[in-house]
Amino acid sequence: MRKIQFFDTTLRDGEQTPGVNFNTKEKVQIALQLEKWGIDVIEAGFPIASQGDFEAVKAIAESAKSMTVAGLARCQKKDIDRAYEALKNAVDPQIHTFLATSDVHMKYKLKMTKEEVIASIKKHVSYARTLFEKVQFSPEDASRTEKTFLLEAVQTAIDAGASIINIPDTVGYSNPTEYGGLFSYLIQNIQSEQEIIFSSHCHDDLGMATANALAAIENGANRVEGAVNGIGERAGNTALEEVALALYIRKDFYQCEANIVLNETKKTSDLVSRLSGIPVPRNKAIIGENAYAHESGIHQDGVLKNPETYEIITPTLVGVSQNSLPLGKLSGRHAFVTKLNELGYQLSEDETKEAFIRFKDLADKKKQITDRDIVALLTDQSRVE
Ligand code: KIV
Ligand code: ZN
Numbered sequence: 001m002r003k004i005q006f007f008d009t010t011l012r013d014g015e016q017t018p019g020v021n022f023n024t025k026e027k028v029q030i031a032l033q034l035e036k037w038g039i040d041v042i043e044a045g046f047p048i049a050s051q052g053d054f055e056a057v058k059a060i061a062e063s064a065k066s067m068t069v070a071g072l073a074r075c076q077k078k079d080i081d082r083a084y085e086a087l088k089n090a091v092d093p094q095i096h097t098f099l100a101t102s103d104v105h106m107k108y109k110l111k112m113t114k115e116e117v118i119a120s121i122k123k124h125v126s127y128a129r130t131l132f133e134k135v136q137f138s139p140e141d142a143s144r145t146e147k148t149f150l151l152e153a154v155q156t157a158i159d160a161g162a163s164i165i166n167i168p169d170t171v172g173y174s175n176p177t178e179y180g181g182l183f184s185y186l187i188q189n190i191q192s193e194q195e196i197i198f199s200s201h202c203h204d205d206l207g208m209a210t211a212n213a214l215a216a217i218e219n220g221a222n223r224v225e226g227a228v229n230g231i232g233e234r235a236g237n238t239a240l241e242e243v244a245l246a247l248y249i250r251k252d253f254y255q256c257e258a259n260i261v262l263n264e265t266k267k268t269s270d271l272v273s274r275l276s277g278i279p280v281p282r283n284k285a286i287i288g289e290n291a292y293a294h295e296s297g298i299h300q301d302g303v304l305k306n307p308e309t310y311e312i313i314t315p316t317l318v319g320v321s322q323n324s325l326p327l328g329k330l331s332g333r334h335a336f337v338t339k340l341n342e343l344g345y346q347l348s349e350d351e352t353k354e355a356f357i358r359f360k361d362l363a364d365k366k367k368q369i370t371d372r373d374i375v376a377l378l379t380d381q382s383r384v385e
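Residues in the sequence shown are numbered from 1 upward in steps of one, following the UniProt record's numbering.
If you want it as structure tokens, here you go:
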């Protein structure tokens with residue numbers, strides 16, 4: 001089985017979510033939970049961005065016990081120096097340097113020519129390598145970069161000492177076929193004497209961040225970047241919990257494994273949601289409130305007979321205590337009787353029939369039927385003492 005490293009950027013790209021601002025104490029708390037979750041590399045922040053970010057990266061670097069701690073730096077000496085200052089006490093420090101390589105970014109944002117971009121990558125990756133053993137380079141907006149120029153930029157970074165190449169789909173523009181193809185192309189065409197880690201970094205603008213990350217893995221990426229709950233700039237980053245579960249549940253297909261401790265998933269998600277103030281949508285894969293809820297009668301009947309009929313993930317696998325069978329107008333008799341028994345009622349066949357009619361009548365008028373509604377439907381005499 002191929003090992004996939006998980007790189008978490010909740011505290012850097014994730015914090016770029018509008019309205020999210022973690023303080024140092026919160027960042028350390030999240031970092032320690034991420035370490036418990038089994039994250040291999042944490043991007044703790046962007047040390048040059050502010051004094052607060054610098055202090056948080058330093059505090060995480062000094063608190064993490066085993067995971068690699070990374071800091072972001074533009075291709076500028078002052079960024080790299082600041083990252084070094086923040087990360088130098090980490091057990092395993094890593095720098096993440098980046099420079100945009102797409103025409104639109106070079107022309108309008110950087111106002112640099114291709115030659116200048118290549119020279120800057122060479123100069124700054126080489127400099128970063130004098131301070132760090134582990135240097136990651138990202139050609140920002142890689143998926144909109146002309147392919148041969150992307151290869152040139154990546155090869156330049158490798159020749160200058162980068163051992164980790166991250167390929168960002170910065171604006172969530174790519175799709176699985178194209179993004180996966182980019183990895184095959186680069187992996188086949190780079191030249192390196194040392195082993196290079198290829199990493200995916202996807203944004204969710206077209207709702208394909210997880211699919212794209214998995215396509216990268218299928219095509220040779222051995223590291224995946226993302227954020228807990230998929231938070232991040234605009235539509236967010238790849239939701240790491242989705243990739244972790246996809247790899248685990250479809251091990252037969254991907255033939256990969258990871259260090260993620262799956263039953264810490266819900267706890268990690270809850271912590272990030274609480275401290276970021278970004279609620280998890282109810283229908284969110286893996287950790288949404290509805291992810292293990294079955295409402296229709298046919299599904300409820302199936303799940304009561306064997307959960308595998310409609311559940312590909314056992315809730316306890318990700319740290320969710322149990323599934324639920326919320327009662328509504330689509331619910332069937334099987335789930336209704338199960339609920340009656342749970343509430344302590346044993347009704348005769350006729351009583352059940354009558355109660356079920358009254359329940360359906362109520363369910364037509366009310367979106368969610370609570371336990372109190374059920375109790376109110378029944379007579380006290382039918383309660384088992
Ligand atoms: O999306 C992106 O391009 C980034 C880079 C800094 C890697 O977050
Ligand atoms: Zn990003």
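In this text, a Cβ means the ideal position worked out from N, Cα and C, and glycines have one as well.
Just so it is clear, the structure is predicted and the values come from calculations on it, not from any experiment.
Give me the DSSP bridge partner(s) of residue i.
| i | result |
| --- | --- |
| residue 45 | 71 |
| residue 2 | 256 |
| residue 137 | 97 and 165 |
| residue 293 | 324 |
| residue 361 | In the DSSP output, where bridge partners are listed per residue, residue 361 has none listed. |
| residue 8 | 42 and 226 |
| residue 249 | In the DSSP output, where bridge partners are listed per residue, residue 249 has none listed. |
| residue 369 | 327 |
Ignore the nearest five residues each way along the sequence and tell me which others in residue i's own chain have a CB closer than 7 angstroms to its CB.
| i | result |
| --- | --- |
| residue 300 | 294, 325, 331, 332, 334 and 335 |
| residue 55 | 24 |
| residue 375 | 343 |
| residue 356 | 333 and 336 |
By Cβ distance below 8 angstroms, which residues in the same chain neighbour residue i in space, the five residues on each side in sequence not counted?
| i | result |
| --- | --- |
| residue 384 | Because the pLDDT of residue 384 is 47, which lies under 50, any placement of that residue in the model is unreliable, and the question is left without a value. |
| residue 173 | 143, 144, 205 and 206 |
| residue 77 | 124 and 127 |
| residue 186 | 150, 151, 154, 165, 167 and 198 |
| residue 176 | 208, 211, 212, 214 and 215 |
| residue 297 | 330, 331, 332, 333, 334 and 335 |
| residue 218 | 180 and 254 |
| residue 28 | 56, 59, 60 and 63 |
Taking residue i and residue j to be in contact with their CB atoms under 8 angstroms, please state how far apart those CB atoms are, rounded to whole angstroms.
| i | j | result |
| --- | --- | --- |
| residue 257 | residue 1 | 5 angstroms |
| residue 252 | residue 201 | Their Cβ separation, rounded to whole angstroms, is 26 angstroms, which puts residue 252 and residue 201 out of contact at 8 angstroms. |
| residue 35 | residue 65 | 6 angstroms |
| residue 123 | residue 156 | So it is not a contact: roughly 10 angstroms between Cβ atoms. |
| residue 198 | residue 137 | That pair is no contact at about 11 angstroms. |
| residue 265 | residue 239 | 11 angstroms between Cβ atoms; not a contact. |
| residue 263 | residue 318 | 7 angstroms |
Quick one: what's got a C-beta closer than 6 angstroms to residue i's C-beta in the same chain, skipping five residues either side?
| i | result |
| --- | --- |
| residue 20 | 276 |
| residue 380 | Any answer about residue 380 is weak, because its pLDDT of 49 lies below 50 and its placement is not dependable; what the coordinates show is given next. Contacts found: none. |
| residue 236 | 204 and 230 |
| residue 458 | The displayed coordinates of the chain run from 1 to 385. Any statement about residue 458 would go beyond what the structure contains. |
| residue 321 | none |
| residue 285 | 242 |
| residue 365 | none |
Within the stretch 99 to 133, note down every full alpha helix (DSSP H) run reaching 4 residues or more, in order along the chain. 114 to 131
Continuous alpha helix (DSSP H) assignments of at least 4 residues falling wholly in the stretch 197 to 244: For the stretch 197 to 244, whole alpha helix (DSSP H) runs of length 4 or above, ordered along the chain, are 209 to 218.
Does the stretch 340 to 350 come close enough to the stretch 307 to 325 that 3 or more CB-CB pairs lie under 8 angstroms? no
Check whether the stretch 69 to 84 and the stretch 143 to 159 are in contact - that is, three or more C-beta pairs closer than 8 angstroms. No: fewer than three Cβ pairs fall under 8 angstroms.
Could you pull out every unbroken alpha helix (DSSP H) segment of at least 4 residues lying fully inside the stretch 143 to 193, listed in chain order? 147 to 159 and 176 to 189
Would you be able to state if there are at least three C-beta pairs under 8 angstroms between the stretch 85 to 102 and the stretch 129 to 143? Inter-segment contact for the stretch 129 to 143 and the stretch 85 to 102 is present: three or more beta-carbon pairs are separated by less than 8 angstroms.
If you pair each beta-carbon of the stretch 222 to 229 with each one of the stretch 5 to 16, do three or more pairs fall below 8 angstroms? Short answer: they touch.
Mind listing, in chain order, the continuous alpha helix (DSSP H) runs of no fewer than 4 residues lying wholly within the stretch 259 to 317? 265 to 276 and 297 to 305
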